[in-house]
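S.K.: Residue numbers (the numbering used here): 1445 to 2116. A single structure is presented below for examination.
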């Protein structure tokens, strides 16, 4: 029995087969770290930081590779290039200083370095007493090739060296010394053969934010509650009066809730009552009325001149005014009348207001991001940011971004950052972890966190380890808030003045970005609308309040001292340098931070209990470049006390009635 086979010709098979661009490219660039979702999103850094990148690069066989990091800022047409250092195990590293705001892009390029491969082989053969005349000829060929890529003066020098390597009238030893000349190797490596270089498949993007994205202290207040006498609506001028006090507390960002006209239809009354009276001022987040919308100022707060004067005065005190951006409307917002296509309408002809069953927000209408006119909606929302940026605002707290499409934020923030790289955006997103992190990947500079509800040492250890470990640390900057107008945590309701101090110290030292909703925090206000619920009684979200800034029991002095310590000590101006320490008492939480050069080292020990606690804390001195063989000094910056510690475990005792924490500045102790 015979069989016949139909076969294609070899040339036909060659034509249909998929071929690489050039199969002679032998270097593999496997990874470039850090990376976010396979380079889908940019890595984040702040201006003045050094970006360190690692690449996994290798080649078949034993040939040597030359690996370079190329980088450029978005405004630069040309690449800059750095050699990458070999760390071993086919890992390479390089770093550079981020000197401009906005976007950088980085890429790895690598090739087989035939000259270095030859030179290493030559040394081995020469040192082993083998015959090297052929090796010298091969080296000469490589020098001639390099000369073709070099400018004239260097080309001539390379050709002269090549001639010496080939000159058989010279003793072989003398020709060998020429090959060993470091100057020859250095010049030849300047002009490598890059014709078969491999490039990483995708450039890595880096988003460089302003320094305050990395280190900031926020203070939130409602301007309307700061009139000099009870019952009067506060103004920008009243805020201006407060600026010296806020600056003295050590804050550098003054955050204001929405300052726009407030809707009258379905306005909420005191304590979120669904029926309001003529004296009720409503929620600032119910934006829009006949006086205007998102690009207008509430007339009772003052004029545009008043607003700009307050901004200018704030700058004089080292404060940036941050505004709230809330993409939602009151029922009488001009948008509802002028652009009904941007909203969802019910079968009965009414517009759909916001709901989070069983909660109802009759005074707020969300935009319909699935409307057919979504492009015009996106453009208008972008114009709101641009409007306030042109008014001099550069920092924004964005309300509930997790209730808007992720694609919208990715588009909007990339567009804003390209045009206004000094803008900082804080995401107020108390939501599920993957959504919270995705918002950060989309470009938000900072984000609210679950710190507000982490109340035990084990919870904080676990959560902070997550925040400060890869990959989260590469794209998410936490901003810790012990309280907000929406959240009065149960442990503050049930706590004491010491509880407020404890949460203040934790927020301000665990994270380099933190904020307080005042003055209720520094006055230790803890009356809840309903015990156990997180809503403030008589919340100023719905009514005017009048505050006595200097009421007995306030913690203003402690806030000012802590903010001064933060500004003085570089170790507290980062988040990702956190290192938890060992302790034998689970009610104590010890952790350390150090500046990148370990020139500034801080150790914090917090008593997380309402009762006095003591224990033995092990501080890993050697990790912070402190000689463990010698005693070292810990200076309590909160209590103005100093102690001498030794390597191993050291005793601490904390009574919350005195202080809930030690904040030690650690220095090497030198006896007199």
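We put the beta carbon where it would ideally sit given N, CA and C, even for glycine.
Taking the C-alpha atoms as reference points, what is the distance between residue 1767 and residue 1704?
M.R.: 11 Å
S.K.: Counting only the same chain and skipping the five closest in sequence on each side, list residues whose C-beta sits under 8 Å from that of residue 1691.
M.R.: 1761, 1762 and 1763
S.K.: Pick helix, strand or coil for residue 1746, following the three-state DSSP scheme.
M.R.: If DSSP states are grouped into helix, strand and coil, residue 1746 belongs with coil.
S.K.: Since residue 2173 is in the alpha helix (DSSP H), which residue starts that stretch and which ends it?
M.R.: Outside the displayed range of the chain (1445 to 2116) lies residue 2173, so it cannot be described from this structure.
S.K.: Can you tell me whether DSSP reads residue 1527 as helix, strand or coil?
M.R.: DSSP places residue 1527 in strand when its eight states are reduced to three.
S.K.: Within the same chain, show all residues whose beta-carbon is closer than 8 Å to that of residue 1531, passing over the 5 residues directly before and after it, in chain order.
M.R.: 1498 and 1537
S.K.: Which residues does DSSP list as the beta-bridge partners of residue 1810?
M.R.: 1772
S.K.: Which ranges would you report for the alpha helix (DSSP H) in the stretch 1801-1874 if only whole runs of at least 4 residues count?
M.R.: For the stretch 1801-1874, whole alpha helix (DSSP H) runs of length 4 or above, ordered along the chain, are 1818-1834 and 1850-1863.
S.K.: How close, in whole Å, do the beta carbons of residue 2010 and residue 1661 come, if the pair is a contact with beta carbons under 8 Å?
M.R.: 7 Å
S.K.: What does the alpha-carbon distance come out to for the pair residue 2057 and residue 2034?
M.R.: 13 Å
S.K.: So for residue 1500, helix, strand or coil by DSSP?
M.R.: strand
S.K.: Quick one, which of 1528, 1509, 1828 and 1513 has its alpha-carbon nearest residue 1559's?
M.R.: Measuring C-alpha to C-alpha distances from residue 1559 to each of 1528, 1509, 1828 and 1513 identifies 1509 as the nearest.
S.K.: Could you spell out where the alpha helix (DSSP H) holding residue 1627 opens and where it closes?
M.R.: Run containing residue 1627: 1626-1633, per the alpha helix (DSSP H) assignment.
S.K.: Can you give me the C-alpha to C-alpha distance between residue 1482 and residue 1646, rounded to a whole angstrom?
M.R.: 9 Å
S.K.: With distances taken from CA atoms, which of 2070, 1953 and 2027 is nearest residue 2021?
M.R.: 1953
S.K.: So what does DSSP say about residue 1444, is it helix, strand or coil?
M.R.: The requested residue 1444 does not occur in the structure, where the chain is confined to residues 1445 to 2116.
S.K.: From residue 1624 to residue 1609, what does the alpha carbon distance come to, in whole angstroms?
M.R.: 11 Å
S.K.: Should residue 1636 and residue 1588 be called a contact, given that it needs their Cβ atoms to be closer than 8 Å?
M.R.: no
S.K.: Indicate the three-state DSSP secondary structure (helix, strand or coil) for residue 1653 in the structure shown.
M.R.: strand
S.K.: On the DSSP bridge list, what partners appear for residue 1663?
M.R.: 1698 and 1960
S.K.: Could you say which of 2042, 2071, 1668 and 1943 lies nearest to residue 1434 if we only look at CA atoms?
M.R.: In the structure as shown, the chain starts at 1445 and stops at 2116, and residue 1434 therefore has no counterpart that could be examined.
S.K.: Give the straight-line distance between the Cα atoms of residue 2106 and residue 2094, rounded to the nearest whole angstrom.
M.R.: 13 Å
S.K.: Quick check: the stretch 1873-1887 against the stretch 1794-1805, are at least 3 beta-carbon pairs closer than 8 Å?
M.R.: No, because fewer than three Cβ pairs between the stretch 1794-1805 and the stretch 1873-1887 fall closer than 8 Å, the two stretches do not touch.
S.K.: For residue 1642, which of 1466, 1854, 1925 and 1841 has the nearest alpha-carbon?
M.R.: 1466
S.K.: What first and last residue would you give for the alpha helix (DSSP H) that runs through residue 1570?
M.R.: 1558-1571
S.K.: What does residue 1922 pair with, by DSSP beta-bridge criteria?
M.R.: 1891
S.K.: With DSSP as the reference, please indicate the residues paired to residue 1517 in a beta bridge.
M.R.: 1548
S.K.: Could you give the uninterrupted runs of the beta strand (DSSP E) lying entirely in the stretch 2038-2066, keeping only those of 3 residues or more?
M.R.: 2045-2051 and 2057-2062
S.K.: Alpha carbon to alpha carbon, what distance is there between residue 2080 and residue 2086?
M.R.: Rounded to whole angstroms, residue 2086 to residue 2080 spans 6 Å at the Cα level.
S.K.: Taking DSSP as the reference, what is the three-state secondary structure of residue 1787?
M.R.: coil
S.K.: Compare the beta carbon distance of residue 1922 and residue 1895 with 8 Å and say whether it is the shorter of the two.
M.R.: yes
S.K.: Locate the beta strand (DSSP E) running through residue 1723, then write down its first and last residues.
M.R.: Neither: residue 1723 is in no beta strand (DSSP E) and is coded neither H nor E.
S.K.: Can you tell me whether residue 2030 is helix, strand or coil according to DSSP?
M.R.: coil
S.K.: Less than 8 Å between C-beta atoms, sequence neighbours within five positions excluded: which residues of the same chain meet that for residue 1723?
M.R.: none
S.K.: For residue 1698 and residue 1961, I'd like the C-alpha separation in whole angstroms.
M.R.: Cα-Cα distance, rounded: 10 Å.
S.K.: By the DSSP assignment, the alpha helix (DSSP H) with residue 1934 in it spans what residues?
M.R.: 1934-1937
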